[in-house]
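Heads up: the sequence shown begins at 1 in our numbering, then just goes up one per residue.
We put the CB at the ideal spot given by N, CA and C, even for glycine.
A short worksheet on the structure shown next.
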Amino acid sequence: MKVKVNKDACIGCGACAAICDEVFEINDEGLSEAKVEEVKEELQDEVRDAADSCPTGAIVIEEGQQEEEKAA
Ligand code: SF4
Numbered sequence: 001m002k003v004k005v006n007k008d009a010c011i012g013c014g015a016c017a018a019i020c021d022e023v024f025e026i027n028d029e030g031l032s033e034a035k036v037e038e039v040k041e042e043l044q045d046e047v048r049d050a051a052d053s054c055p056t057g058a059i060v061i062e063e064g065q066q067e068e069e070k071a072a
């Protein structure tokens with residue numbers, strides 16, 4: 001799963017960082033930023049929760065199904 005914050009939509013309310021500060025952080029501009037692009041398994045529920053809680057829908061999640069087990 002990948003996550004991004006659409007800066008143009010974010011209003012810096014801080015909800016996402018409050019829910020999952022391992023992924024979201026409020027930057028110097030007062031807007032949220034995703035600290036990681038690829039979200040670890042154990043944080044994915046929190047990230048989905050944060051996306052649901054974002055008042056402006058600024059959190060963009062990309063669910064990836066494919067597993068690259070072998071890249072020989
Ligand atoms: S919850 Fe949404 S609007 Fe609020 S800081 Fe996070 S991305 Fe920005």
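Check: With respect to 8 Å, is the separation between the Cβ of I61 and the closest non-hydrogen atom of the ligand SF4 below this value?
Finding: no
Next item on the list: Can you tell me which of D28, G12, F24 puts its alpha carbon nearest to the alpha carbon of V78?
Entry: An answer regarding residue 78 cannot be provided, because it is not within the stretch 1 to 72 covered by the chain.
Check: In chain order, what residues of the same chain lie with their CB nearer than 6 Å to the CB of A71, ignoring the 5 residues before and after it?
Finding: At A71 the pLDDT is 48, less than 50, meaning the model places this residue with poor confidence; the figure from the coordinates comes in the next sentence. Closer than 6 Å at the Cβ level, and outside the excluded window around A71, lies no residue.
Notebook entry, point to check: Since I19 is in the alpha helix (DSSP H), which residue starts that stretch and which ends it?
Noted result: 15-19
Note to self: If I measure Cβ to Cβ from E63 and keep anything under 6 Å in the same chain, skipping five residues before and after, which residues do I get?
What the structure shows: M1
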